[in-house]
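Engineer:
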Amino acid sequence: MAHIHLEDGSFSLIWVVLWWIVAITLIAVALWSLRSAGRNNQKKITIAAFITAAAFAIFQINIPIFGGVHLNLTPLIGILAGPVLGALVVLVINILSAAIGHGGWGLIGANVLVNLSEVIIAYLVFRGARSILPDLFSRAGIATFAGLFCGNLVMVAIILVSGIQGVTQTSGQILTGLVLIIAINMGVAIIEALLTGLIVSYIGKIRPDILGENQP
Amino acid sequence: MNVWREKKGIIIFCLIAIITLIGAFATYQMTGPMGIEERFNAAAGITPDEEEGDGGIAGFFLEGNALLYMLVLAVLATTCVAVYRHYRI
């Protein structure tokens with residue numbers, strides 16, 4: 375959901391490089407973790423491939439709600455693939471999106487961090503609330519809201535910290551505008567939460583092993 | 313009490329949905345219909361280049377190059393089939 379929709383050149387080079395370095399470091403940690411797990415991840419890799427295709431497909435479609443928004447299924451990525459494979463999935467989606475002209479190459483690092491925060495928070499809420507909220511639909515929906523809200527906060531933080539080149543807006547004015555974007559994004563998060571809740575509860579009915587619900 | 317215990321998940325979900333929906337509608341009333349890029353440009357004070365694509369179908373349209381989108385999607389779908397056949401799940 376949250377995605378920095380600014381063109382290349384909006385951030386100064388130093389910030390572009392810095393966000394890329396942070397993102398690549400996290401990806402490296404994910405790859406190391408994946409390698410350490412050995413060949414036990416085959417099921418998750420297959421799920422990650424499917425969720426990558428689905429998230430890429432839906433992310434490029436502008437939906438005419440509140441003037442035009444799009445979904446990106448990052449909380450579903452977190453719930454189904456987990457944060458380790460999820461990190462790789464969001465990197466791939468952001469690179470492929472930039473490759474087809476949706477989003478700037480320079481902002482991939484920052485956008486990976488935004489999306490990764492959504493993946494991690496959704497995963498943690500979904501797993502952490504298992505004993506409190508046994509119902510899969512509502513737990514996945516609430517995890518989606520939490521993940522997307524966190525993603526929006528990270529997005530705003532990255533933009534405010536980086537600053538935008540060539541504009542006369544003060545940080546306060548930019549923050550006001552970004553808060554309005556958060557409000558709209560969270561409205562659309564309802565659709566994403568419903569969608570994620572329905573998909574997760576369906577998978578929970580037919581293949582609960584995919585959700586790892588039986589694991590301690 | 314039992315109703316709360318059984319339905320607390322869906323009650324919390326609905327409460328969050330209602331609050332976010334009210335917030336989104338209030339914001340939409342304040343700002344009017346704007347695409348997400350327009351919202352970012354307005355927030356940042358950027359004057360965007362004029363680049364209007366087609367209106368799509370019923371307001372739904374693709375961001376980026378449609379041909380490349382189909383091509384990438386085809387590659388991803390093929391990869392999914394290959395991974396599924398190889399690993400099974």
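So the protein lines, in turn, are chains A and B. Residue numbers 375 to 590, in our numbering, belong to the letters of the first sequence in order. Residue numbers 313 to 401, in our numbering, belong to the letters of the second sequence in order. Built from N, CA and C at the ideal position, the CB exists for glycine as well.
Can you pull the chain A neighbours of ASN377 (chain B), defined as C-beta to C-beta under 8 Å?
Structural biologist: Numbered from 1 along the second sequence, position 65 holds the residue referred to as residue 377 (chain B). Chain A residues near ASN377 (chain B): ILE474, GLY475.
Engineer: From this set, A:SER386, A:ALA422, A:LEU470, A:LEU554, which residue's C-alpha is nearest LEU459 (chain A)'s C-alpha?
Structural biologist: Position 85 of the first sequence, counting from 1, holds the residue named residue 459 (chain A). If we check each option's Cα against that of LEU459 (chain A), A:ALA422 comes out closest.
Engineer: Under a CB-based cut-off of 8 Å, is ARG409 (chain A) close to chain B?
Structural biologist: As a position in the first sequence, residue 409 (chain A) is number 35, starting the count at 1. Chain B, which has no Cβ nearer than 8 Å to the Cβ of ARG409 (chain A), makes this no.
Engineer: Give me, in chain order, the residues of the same chain whose beta-carbon lies closer than 8 Å to that of ALA397 (chain A); leave out the 5 immediate sequence neighbours on both sides.
Structural biologist: In the first sequence, residue 397 (chain A) corresponds to position 23, counting from 1. Within the same chain, ALA397 (chain A) has close Cβ partners LEU465, ILE482, GLY483, ALA484, VAL486, LEU487, LEU490.
Engineer: What residue from A:PHE440, A:LYS417, A:PRO457, A:ASN436 has the CA that sits closest to HIS398 (chain B)'s CA?
Structural biologist: As a working mapping, residue 398 (chain B) is identified with position 86 in the second sequence. Cα-wise, what sits closest to HIS398 (chain B) is A:LYS417.
Engineer: Inspect the CB distances between the region 576-590 of chain A and the region 538-555 of chain A and report whether three or more fall short of 8 Å.
Structural biologist: no
Engineer: Check for me: the alpha helix (DSSP H) holding GLN543 (chain A) runs from which residue to which?
Structural biologist: Start at 1 with the first residue of the first sequence, and residue 543 (chain A) comes out as number 169. In the DSSP annotation of this structure, GLN543 (chain A) is not part of any alpha helix (DSSP H), being labelled neither H nor E.
Engineer: Could you give the first and the last residue of the continuous alpha helix (DSSP H) run that contains MET342 (chain B)?
Structural biologist: What you label residue 342 (chain B) is simply residue 30 of the second sequence in a count that begins at 1. Looking at the DSSP string, the run of the alpha helix (DSSP H) that includes MET342 (chain B) is 314-343.
Engineer: Quick check: what's the CA-CA separation for ASN526 (chain A) versus PRO449 (chain A)?
Structural biologist: Along the first sequence, one-based indexing puts residue 526 (chain A) at 152. Along the first sequence, one-based indexing puts residue 449 (chain A) at 75. Separation of ASN526 (chain A) and PRO449 (chain A) (C-alpha to C-alpha, rounded to the nearest whole angstrom) is 13 Å.
Engineer: If you measure between the beta carbons of LEU462 (chain A) and GLY515 (chain A), is that distance less than 8 Å?
Structural biologist: The residue you call residue 462 (chain A) lines up with position 88 of the first sequence. The residue you call residue 515 (chain A) lines up with position 141 of the first sequence. Taking 8 Å as the Cβ cut-off, LEU462 (chain A) and GLY515 (chain A) do not qualify as a contacting pair.
Engineer: Check ILE432 (chain A) in the structure and name its three-state DSSP category.
Structural biologist: In the first sequence, counting from the first residue as 1, residue 432 (chain A) sits at position 58. Of the three classes helix, strand and coil, the one that applies to ILE432 (chain A) here is helix, per DSSP.
Engineer: Within 10 Å of its beta-carbon, does THR390 (chain B) have 16 or more other beta-carbons around it, so buried, or fewer, so exposed?
Structural biologist: The residue you call residue 390 (chain B) lines up with position 78 of the second sequence. Flag for THR390 (chain B) reads exposed.
Engineer: Spatial neighbours of ASN468 (chain A) within its chain, please: C-beta separation below 8 Å, excluding the five flanking residues on both sides.
Structural biologist: For the purposes of this step, residue 468 (chain A) is identified with residue 94 of the first sequence, where counting begins at 1. The residues are GLY477, ILE482, ASN485, VAL486, ASN489.
Engineer: Among the residues of its own chain, which have a CB less than 8 Å from the CB of ALA503 (chain A), if the five just before and after it don't count?
Structural biologist: For the purposes of this step, residue 503 (chain A) is taken as the residue at position 129 of the first sequence. Excluding positions up to five away in sequence, the list reads ARG513, ILE516, ALA517.
Engineer: Please report the residue range of the alpha helix (DSSP H) in which GLY504 (chain A) lies.
Structural biologist: Taking the first sequence and counting its residues from 1, the one referred to as residue 504 (chain A) is at position 130. Reading the sequence as shown, one finds Arg at residue 504 (chain A) and not Gly. Counting along the chain, ARG504 (chain A) falls outside any alpha helix (DSSP H), and DSSP gives it neither H nor E.
Engineer: For LEU320 (chain B), which of A:LEU405, A:ALA376, A:ASP509, A:GLY475 has the nearest alpha-carbon?
Structural biologist: For the purposes of this step, residue 320 (chain B) is identified with residue 8 of the second sequence, where counting begins at 1. A small fix is needed here, since residue 320 (chain B) is Lys in this sequence, not Leu. Nearest of A:LEU405, A:ALA376, A:ASP509, A:GLY475 to LYS320 (chain B), Cα basis: A:ASP509.
Engineer: Closer than 8 Å, Cβ to Cβ, to anything on chain B: give me those residues from the region 438-467 of chain A, in chain order.
Structural biologist: PRO438, PHE440, GLY441, GLY442, VAL443, HIS444
Engineer: Pop quiz: ILE348 (chain B) and VAL443 (chain A) are said to be a contact at Cβ under 8 Å. What is the actual Cβ separation, rounded to whole angstroms?
Structural biologist: In the second sequence, the residue the question calls residue 348 (chain B) occupies position 36. In the first sequence, the residue the question calls residue 443 (chain A) occupies position 69. Confirmed, Cβ separation roughly 5 Å.
Engineer: Taking C-beta to C-beta, are ILE558 (chain A) and TYR340 (chain B) nearer than 8 Å?
Structural biologist: Here residue 558 (chain A) is taken as the residue at index 184 of the first sequence, counted from 1. Here residue 340 (chain B) is taken as the residue at index 28 of the second sequence, counted from 1. It is a contact, given that the beta carbons lie within the stated cut-off.
Engineer: With respect to the alpha helix (DSSP H) encompassing PRO508 (chain A), which residues constitute its N-terminal and C-terminal limits?
Structural biologist: Reading the first sequence from its first residue, position 134 is the one you call residue 508 (chain A). That residue, PRO508 (chain A), is in no alpha helix (DSSP H); it is neither H nor E in DSSP.
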